[in-house]
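**Q**
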Ligand code: MG
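Numbering (this note's numbering), first residue to last: 200 to 459.
(1) Under 6 Å Cβ to Cβ from residue 400, same chain only, skipping five residues before and after it: list those, please.
(2) Going along the chain, which unbroken runs of the alpha helix (DSSP H) with 4 or more residues stay wholly within the region 416-444?
(3) Measuring only from the beta carbon, is residue 260 closer than 8 Å to any heavy atom that is part of the ligand MG?
(4) Verify the contact flag: residue 231, CB atom, against every heavy atom of the ligand MG, threshold strictly below 8 Å.
(5) Return helix, strand or coil for residue 381, following the three-state DSSP convention.
(6) Below 8 Å on the Cβ atoms is my contact criterion, and I expect residue 302 with residue 292 to pass it. Report the Cβ-Cβ distance as a whole number of Å.
(7) Are there any heavy atoms of the ligand MG lying less than 8 Å away from the beta-carbon of residue 306, as far as the coordinates show?
(8) Should the region 332-347 be called in touch with the region 356-369, which here means at least 3 C-beta pairs below 8 Å?
(9) What does the Cβ neighbour count give for residue 290, buried or exposed, with the cut at 16 atoms within 10 Å?
(10) Within 10 angstroms of its Cβ, does residue 316 collect 16 or more other Cβ (buried), or is it exposed?
(11) Residues in its own chain within less than 6 Å of residue 326 by CB, not counting five upstream and five downstream?
(12) Give a yes or no on whether the C-beta atoms belonging to residue 411 and residue 398 are separated by under 9 Å.
As structure tokens, then:
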């Protein structure tokens with residue numbers, strides 16, 4: 200075997216070792232962008248731009264559908280007293296975030312996302328009581344991402360299994376992870392059988408079921424923990440082999456990984 204072949208064999212062996220044993224590098228995702236930077240706000244264009252400057256894996260955001268079919272970036276169902284799903288875009292565009300920035304659309308967010316080819320946008324499809332509204336939201340999001348040719352730049356997450364299954368049905372063409380809080384977590388085997396690509400659980404669930412991390416990896420699923428701001432818990436999750444940590448403290452998490 201020549202030197203090149205030996206080097207290649209070593210790299211393949213190392214990759215298998217890392218994936219099987221779950222010692223792959225943990226990556227950081229900024230929760231609603233890096234909004235703690237001066238002058239920013241959660242889910243603003245500046246919070247996304249600030250996250251891009253950190254050279255981290257991703258920036259998470261939340262989406263809703265306006266009454267006239269535009270995908271809007273916001274965490275809650277309503278903003279400034281307006282329920283997003285029953286308000287048209289021209290009204291929503293008069294609203295401002297806490298730092299004075301305009302309420303962004305997903306299209307504006309994707310335009311900012313494409314300025315940094317190395318960072319992913321993690322799009323949370325917000326769960327609704329109205330399952331048809333969830334499905335219309337998924338369709339609008341996926342259509343826009345496709346139109347902008349940005350499938351490779353995004354990943355999808357949702358607490359709604361209806362939204363996750365709709366993403367699968369429309370062949371979203373990007374990873375889809377199921378979100379769960381302290382209640383509602385499903386085993387990696389169930390998520391795999393549904394066809395999802397990962398789990399995105401409250402960190403306490405992973406502390407309670409650390410065996411799910413290896414189980415997920417053995418099934419080819421990714422593991423994300425949210426929203427982890429305490430360095431002690433960040434450390435534990437890194438040591439457990441969690442793939443992604445979603446945090447309001449991306450700078451601290453990044454430094455901890457650099458000093459691992
Ligand atoms: Mg979210």
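Just so you know, even glycine gets a beta-carbon here, dropped at the ideal spot from N, CA and C.
**A** Straight from the coordinates:
(1) 379, 384, listed in sequence order.
(2) Here the runs fully enclosed are 430-439.
(3) Taking 8 Å as the cut-off, the C-beta of residue 260 counts as close to a heavy atom of the ligand MG.
(4) At least one heavy atom of the ligand MG is nearer than 8 Å to the Cβ of residue 231, so yes.
(5) In the structure shown, residue 381 sits in coil (DSSP, three-state: anything other than H, G, I, E or B).
(6) The pair is a contact, with the Cβ atoms about 7 Å apart (cut-off 8 Å).
(7) Outside the cutoff, so no.
(8) Segment contact: the region 332-347 against the region 356-369, three or more CB-CB distances shorter than 8 Å; contact assigned.
(9) Residue 290 sits exposed, since fewer than 16 C-beta atoms from the chains shown fall within 10 Å of its C-beta.
(10) Exposed.
(11) Cβ within range, chain order: 358, 359.
(12) Yes, these two residues count as a Cβ contact at 9 Å.
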